[in-house]
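First the structure, in the form of structure tokens, and then the observations on it.
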Amino acid sequence: MAVETKEPTDDEGIVESPVLQDARINEMEERLRRKLQFFFMNPIEKWEAKRRFPYKFVVQVIKIVLVTLQLCLFAHSRYTHVNYTWDNTVTFSHLFLRGWDITMEVNNYPPETGPLSVYMIDEFFKTIDYAAAGYANLPQAIGPYSFPTEDNTMAPMRLCLYRYKDGTIFGFNESYVFNPEIDTLCVDLYQNVTTNGSQAYLHDKDIHINFSALVKAELKFAIKTVNFKAAGPITAPDCYRFDIMIFFNNQDHDGQMVLRLEAEPTRLVCHGDVEFIKNSQIDDALRSLLNILVIVICLVSFALCARAIFRAQILRLTTCDFFKQAYGKDLSCEGKWEFVNMWYIMIVFNDILLIIGSALKEQIERKHFIADDWNVCSLLLGVGNSLVWFGVLRYLGFFKTYNVVILTLKKGCT
1 MAVETKEPTD
11 DEGIVESPVL
21 QDARINEMEE
31 RLRRKLQFFF
41 MNPIEKWEAK
51 RRFPYKFVVQ
61 VIKIVLVTLQ
71 LCLFAHSRYT
81 HVNYTWDNTV
91 TFSHLFLRGW
101 DITMEVNNYP
111 PETGPLSVYM
121 IDEFFKTIDY
131 AAAGYANLPQ
141 AIGPYSFPTE
151 DNTMAPMRLC
161 LYRYKDGTIF
171 GFNESYVFNP
181 EIDTLCVDLY
191 QNVTTNGSQA
201 YLHDKDIHIN
211 FSALVKAELK
221 FAIKTVNFKA
231 AGPITAPDCY
241 RFDIMIFFNN
251 QDHDGQMVLR
261 LEAEPTRLVC
271 HGDVEFIKNS
281 QIDDALRSLL
291 NILVIVICLV
301 SFALCARAIF
311 RAQILRLTTC
321 DFFKQAYGKD
331 LSCEGKWEFV
341 NMWYIMIVFN
351 DILLIIGSAL
361 KEQIERKHFI
371 ADDWNVCSLL
381 LGVGNSLVWF
391 GVLRYLGFFK
401 TYNVVILTLK
411 KGCT
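Counting from 1, one number per residue, gives the positions in the sequence shown under UniProt numbering.
The following block contains the structure:
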């Protein structure tokens, strides 16, 4: 029985001769070779070959300038904010922490003194009384501090006690009653607490503290202030609310209750002098313009690099099909990875970081914020900016002067 052999045909079903088939493959090979040769050229070589304008290169240069300027302005604002927050935390420690000393203002290693702590029950209540008296005498402080209420009257402080549901110790016969479940009790301390003292105040409310079961206590209150130092030729003063919390840490139950004060700043919308409001709008507009420009240039960079990555994968598939058709084998794994440009992937990643960071920065500068927003924004802009400058190494490799150095670094990383 004879076996029929199917002659190769073209797309229209016409039988191709081996000569025509070889010619078509050679034409495909030459066309693919030109595409691959152009694909693996750097922007300078592409400009010399086809006078193709290096859009991605120009976009990256513009992006470097904008994001560096943005980061410098943000770092200045962040530095001012951190300094102002720390200075106020030190002030609040002097005003509201009993036993606070100037030697505790600087973090030395090893520390000159031990942690600020209380050891007696009487000291615990005296510490609360000291904070309450300092809060009541807030108008006497040198700093421009005010109460958080609309009429600037003293708001109640809030004392929260975290204690084991049951924790009684009978040390004389080595026995105890213990329930590890944490029970929380919060009570408002009004201004009259400064008259009779916190111990009597709590006793009148039938609140008795079992220090054997007490895990920790928190004393919370708030203060409003205005920062004139931040004001400049086109910058208005900043308004803040500090949420202050004094921690009494008794988790170790070792007889030492460690004290710590934290002040969480929240930026508020100021209602100040009309001239300053007008000048402040100029500063806000310029900062917003810079943030918008960074977002726009990063979106353009993202689109160009994402398109380049997509086209590279299309070319990879075309190359694989050609190898199967012309040589009957698949492209090697190493050859396929040549179409994956890690520089473009890194640029896409840092574009995403910078877009999110710039949007968050705009929200910080326009609306209320807390310290966590500053930290997240700092991380996004810092990492994104570092990757942008790291990407400069790729473009330095296009010049013969620096190419040897870049190749050496690349070889050392592999």
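Glycine included, each C-beta is placed from N, C-alpha and C at the ideal position. Quantities reported herein were computed from a predicted structural model and do not represent experimental measurements.
Cut-off 8 Å between Cβ atoms - residues of its own chain near A133, not counting five sequence neighbours on either side: Contacts found: T194.
Beta-carbon proximity check, I182 vs Y162, cutoff 8 Å: The criterion of a C-beta distance shorter than 8 Å is satisfied by I182 and Y162.
Beta-carbon spacing of L187, K205 below 8 Å: First, the residue type needs correcting, since residue 187 is Val and not Leu in the sequence shown. Yes, Cβ-Cβ distance for V187 and K205 is below 8 Å.
Cβ-Cβ separation, F302 to V348 (assumed contact under 8 Å), whole Å: Rounded, the Cβ-Cβ distance is 6 Å, consistent with contact.
Closest residue to L293 among K63, R34, Y135 (Cα-Cα distance): Checking every option, the nearest Cα to that of L293 belongs to K63.
Straight-line Cα distance separating T85 from S288: Looking at the backbone, the Cα of S288 and that of T85 are separated by about 24 Å.
CB of L97 within 8 Å of CB of I246, strictly: Yes.
Contact set for L331: own chain, Cβ-Cβ below 7 Å, skip 5 residues either direction: Closer than 7 Å at Cβ, skipping near neighbours: T319, C320, F323.
H81 and W374 closer than 8 Å at C-beta: Yes, Cβ-Cβ distance for H81 and W374 is below 8 Å.
G384, DSSP secondary structure in three states: Reduced to three states, the DSSP call for G384 is helix.
Which listed residue (D284, Q256, Y135, E334) has its alpha carbon closest to that of E365: Each of D284, Q256, Y135, E334 was checked against the Cα of E365, and the nearest Cα belongs to D284.
As assigned by DSSP and simplified to three states, the class of D206: Here DSSP, grouped into helix, strand and coil, assigns D206 to coil.
Rounded straight-line distance, which links the Cα of M346 to that of I226: According to the sequence displayed, residue 226 carries Val and not Ile. Roughly 42 Å between the two C-alpha positions.
Beta-carbon spacing of L380, L353 below 8 Å: In this structure, L380 sits near L353, with a CB-CB distance shorter than 8 Å.
Beta-carbon proximity of Y190 to P156, cut-off 8 Å: The Cβ-Cβ distance between Y190 and P156 falls below 8 Å.
Pairwise C-alpha distance: I223 and F124: A direct Cα-Cα distance of roughly 23 Å separates F124 from I223.
Helix, strand or coil at C333 according to DSSP, with G and I counted as helix: DSSP, reduced to helix, strand and coil, places C333 within a helical segment of the structure shown.
Collapsed DSSP secondary structure at T5 in the structure displayed: For T5, the predicted model reports a pLDDT of 43, less than 50, meaning its position is unreliable and no value from the coordinates is stated.
Beta-carbon contacts of G99 that lie in its chain and below 7 Å, excluding the five residues immediately before and after: L116.
Helix, strand or coil at G167 according to DSSP, with G and I counted as helix: In this structure, DSSP gives G167 an extended state, which the three-state scheme calls strand.
Contact under 8 Å by Cβ, M104 with T91: No. Outside cutoff.
Beta-carbon proximity of Y130 to Q256, cut-off 8 Å: Taking 8 Å as the Cβ cut-off, Y130 and Q256 do not qualify as a contacting pair.
The beta strand (DSSP E) enclosing C186, as first and last residue numbers: Counting along the chain, the beta strand (DSSP E) containing C186 begins and ends at 175 to 189.
Stretch pair the stretch 166 to 179 + the stretch 211 to 223: three plus CB contacts closer than 8 Å: Flag = yes, the stretch 166 to 179 and the stretch 211 to 223 touch.
S175 versus H203 - alpha carbon distance: Near 28 Å, if we compare the C-alpha coordinates of H203 and S175.
Y79 to K56 span [Cα, whole Å]: The C-alpha of Y79 lies about 33 Å from the C-alpha of K56.
I246: first and last residue of the uninterrupted beta strand (DSSP E) it sits in: In this chain, the beta strand (DSSP E) harbouring I246 covers 238 to 249.
Spatial neighbours of T184 in its chain, beta-carbon cut-off 6 Å, leaving aside the 5 residues before and after: These residues qualify, in order along the chain: Y162.
Environment of L69 [buried if 16+ CB atoms lie within 10 Å]: By the 16-neighbour rule on beta-carbons within 10 angstroms, L69 is exposed.
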